[in-house]
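Undergrad:
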Amino acid sequence: MGRYLYCIAPPRHVPPPALQGIADAPVEALPIAGLSLWTSHLAAPPSADLDAIRRHNLVVEAATTDAITPLPLRFGQWAADADRLAAPIAERAEDYLRLLGDFAGALEFGLRLLDTGADAADSEADGPAPAPAPTGSHGPAAPGRTHLETVARKLHRRDALSERGEAVAAELRRRLGSLVRRESVAPLPTSHGLVSIAHLVGRHDFSPYRQTVAAFRGESPELRLLLSGPWPPYSFVT
Amino acid sequence: VTPRPSGLDRTGDPVDELSLAELVNRVLDKGVVITGDVTISVAGVDLVYLGLRVMLTSVETATNRTLAPGSTTIPPGSTR
Numbered sequence: 051m052g053r054y055l056y057c058i059a060p061p062r063h064v065p066p067p068a069l070q071g072i073a074d075a076p077v078e079a080l081p082i083a084g085l086s087l088w089t090s091h092l093a094a095p096p097s098a099d100l101d102a103i104r105r106h107n108l109v110v111e112a113a114t115t116d117a118i119t120p121l122p123l124r125f126g127q128w129a130a131d132a133d134r135l136a137a138p139i140a141e142r143a144e145d146y147l148r149l150l151g152d153f154a155g156a157l158e159f160g161l162r163l164l165d166t167g168a169d170a171a172d173s174e175a176d177g178p179a180p181a182p183a184p185t186g187s188h189g190p191a192a193p194g195r196t197h198l199e200t201v202a203r204k205l206h207r208r209d210a211l212s213e214r215g216e217a218v219a220a221e222l223r224r225r226l227g228s229l230v231r232r233e234s235v236a237p238l239p240t241s242h243g244l245v246s247i248a249h250l251v252g253r254h255d256f257s258p259y260r261q262t263v264a265a266f267r268g269e270s271p272e273l274r275l276l277l278s279g280p281w282p283p284y285s286f287v288t
Numbered sequence: 004v005t006p007r008p009s010g011l012d013r014t015g016d017p018v019d020e021l022s023l024a025e026l027v028n029r030v031l032d033k034g035v036v037i038t039g040d041v042t043i044s045v046a047g048v049d050l051v052y053l054g055l056r057v058m059l060t061s062v063e064t065a066t067n068r069t070l071a072p073g074s075t076t077i078p079p080g081s082t083r
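Sequences listed follow chains F and B, in order.
Just add 50 to the spot in the first sequence (first one is 1) and you have the numbering used here.
Just add 3 to the spot in the second sequence (first one is 1) and you have the numbering used here.
Here you go:
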């Protein structure tokens, strides 16, 4: 029977006996290359429904303690048998052990920065082009040209939002200072989005981290700043 | 399934409504991928989302809806 893999844990860190994962399958440790893999026997890869996704994450969270932060697997990691997991895990075992050491006692927070003024800007970008300047014999702007001008305005605005997002992220990072162990910043390619940020934060710093983010939010009324977490460090093992 | 460890307790978070969308984003799109032929990953997120009709909305849209006055849920089938 196949094996489904939830997370990679340090040696001898094993699931509690009653822990159930996807499809109520028992979760058991599979020792490979000095690591403890938390797995379930599944006949086939699970379908990506919400229950399975929740179960996957709950197993990862069950492996999390004050001192241990497991490496979460992406949903869907399944192999036909345990032997087929051994080679790729062993190949990167040193990297995984190093990451387990780096992440111990820390978890991930997610931040999404949205531009609250984007609605008006969207309307402007989607609306008709400005009245064309007199063009002599050329007449009014053709529909194709109007469309291209609208597209150009949207692209320009997208670039401006991205640059602004990076600047805000840098300022927030400066404020947070040593509260953040690691950072991952990615564009948030939606009409309102500026940037998506993940921070790896030590457990002892959760409270000051939240306070600093709240203060930054209070000083930035033009932004919507959405904080979620703590999460297993999905964003730092991708 | 055992209860969530205390260090991961998100109860009371003022933006806890976001948790489901944030969870799906993370679990489907991030995390360790075991390379090689053992991997049967959910490679095309768009395809996955087709099977997750409740999640056919972005975090941003979900937030706008859930944080709107008088609204506490994401309408099923919402799309962008």
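Every residue, glycine too, gets a C-beta built ideally from N, C-alpha and C.
Among the residues of its own chain, which have a CB less than 7 angstroms from the CB of residue 244 of chain F, if the five just before and after it don't count?
TA: Closer than 7 angstroms at Cβ, skipping near neighbours: 163, 164, 165, 211, 214, 215, 218, 238.
Undergrad: Can you pull out the residues from the segment 100-130 of chain F whose beta carbon lies closer than 8 angstroms to at least one beta carbon of chain B?
TA: Answer in chain order: 100, 103, 104, 105, 106, 107, 108, 109, 111, 112, 114, 115, 116, 121, 122, 123, 124, 125, 126, 127, 128, 129, 130.
Undergrad: Leaving out five residues on either side along the sequence, give the residues of the same chain with a beta carbon under 7 angstroms from the beta carbon of residue 229 of chain F.
TA: Only 251, 255, 258, 259, 262 meet the Cβ criterion.
Undergrad: Could you pull out every residue in the same chain whose Cβ sits closer than 7 angstroms to the Cβ of residue 118 of chain F, ignoring the five residues on either side in sequence?
TA: If we look at residue 118 of chain F and ignore the five residues flanking it on each side, its Cβ neighbours are 59, 60, 63, 154.
Undergrad: Can you say whether residue 269 of chain F is buried or exposed, counting buried as having 16 or more other CB atoms within 10 angstroms of its CB?
TA: Label assigned to residue 269 of chain F: exposed.
Undergrad: Any idea if residue 195 of chain F is buried or exposed, counting beta-carbon neighbours within 10 angstroms, 16 or more meaning buried?
TA: The residue is exposed, with fewer than 16 neighbouring Cβ atoms inside 10 Å.
Undergrad: How is the beta strand (DSSP E) around residue 58 of chain F delimited, first residue to last?
TA: Residue 58 of chain F -> beta strand (DSSP E) spans 53-59.
Undergrad: Determine the direct distance from the alpha carbon of residue 104 of chain F to that of residue 58 of chain B, and round the result to whole angstroms.
TA: Summary for residue 58 of chain B: the model assigns pLDDT 41, below 50, so the residue's position carries little reliability; its value from the coordinates is reported in the next sentence. So the alpha carbons of these two residues sit roughly 13 angstroms apart.
Undergrad: With a threshold of 8 angstroms, are at least 3 pairs of Cβ atoms found where one atom belongs to the segment 129-141 of chain F and the other to the segment 19-34 of chain B?
TA: Because the criterion of three Cβ pairs below 8 angstroms is not met, the segment 129-141 of chain F and the segment 19-34 of chain B do not touch.
Undergrad: Who pairs with residue 165 of chain F in a beta bridge, going by DSSP?
TA: Paired residues: F:273.
Undergrad: In whole angstroms, what is the alpha-carbon distance linking residue 106 of chain F and residue 149 of chain F?
TA: Their backbone Cα atoms lie some 20 angstroms apart in a straight line.
Undergrad: Relative to the C-alpha of residue 235 of chain F, which candidate in F:160, F:83, F:73, F:276 has its C-alpha closest?
TA: Out of F:160, F:83, F:73, F:276, F:160 has the C-alpha closest to the C-alpha of residue 235 of chain F.
Undergrad: With a CB to CB cut of under 7 angstroms and the five nearest residues on each side skipped, what residues in its chain are close to residue 111 of chain F?
TA: Taken in chain order, the residues that qualify are 282.
Undergrad: Measure the alpha-carbon distance for residue 170 of chain F versus residue 271 of chain F and round it to whole angstroms.
TA: With a pLDDT of 46 at residue 170 of chain F, under the threshold of 50, the modelled position of that residue is not reliable, and no figure is offered here.
Undergrad: In this structure, how does DSSP classify residue 37 of chain B when only helix, strand and coil are distinguished?
TA: Three-state result, residue 37 of chain B: coil.
Undergrad: Tell me which residue opens and which closes the beta strand (DSSP E) that residue 81 of chain F is part of.
TA: Here the beta strand (DSSP E) through residue 81 of chain F covers 78-82.
Undergrad: From the DSSP output, in three-state form, read off residue 263 of chain F for me.
TA: Note: residue 263 of chain F maps to helix in three-state DSSP.
Undergrad: DSSP beta-bridge partners for residue 232 of chain F?
TA: Partner(s): F:250.
Undergrad: For residue 147 of chain F, report the span of its beta strand (DSSP E) as first-last.
TA: First-last for residue 147 of chain F: 143-153, but that is the alpha helix (DSSP H), not the beta strand (DSSP E).
Undergrad: For residue 212 of chain F, which of helix, strand or coil comes out of DSSP?
TA: Helix, per DSSP.
Undergrad: Any chance you could list the alpha helix (DSSP H) runs of at least 4 consecutive residues sitting entirely within the segment 95-147 of chain F, in chain order?
TA: Listed in chain order, the complete alpha helix (DSSP H) runs (minimum 4 residues) inside the segment 95-147 of chain F are 100-112, 133-141.
Undergrad: Could you tell me whether the Cβ atoms of residue 97 of chain F and residue 54 of chain F are closer together than 8 angstroms?
TA: Contact flag unset, no.
Undergrad: I need the boundaries of the alpha helix (DSSP H) containing residue 23 of chain B, first residue and last residue.
TA: Residues 22-32.
Undergrad: Along the chain, where does the beta strand (DSSP E) containing residue 242 of chain F start, and where does it finish?
TA: Neither: residue 242 of chain F is in no beta strand (DSSP E) and is coded neither H nor E.
Undergrad: Check residue 63 of chain F in the structure and name its three-state DSSP category.
TA: Here residue 63 of chain F sits in coil by DSSP.
Undergrad: Less than 8 angstroms between CB atoms is the rule here; does residue 138 of chain F satisfy it with respect to chain B?
TA: Yes, because at least one Cβ of chain B sits closer than 8 angstroms to the Cβ of residue 138 of chain F.
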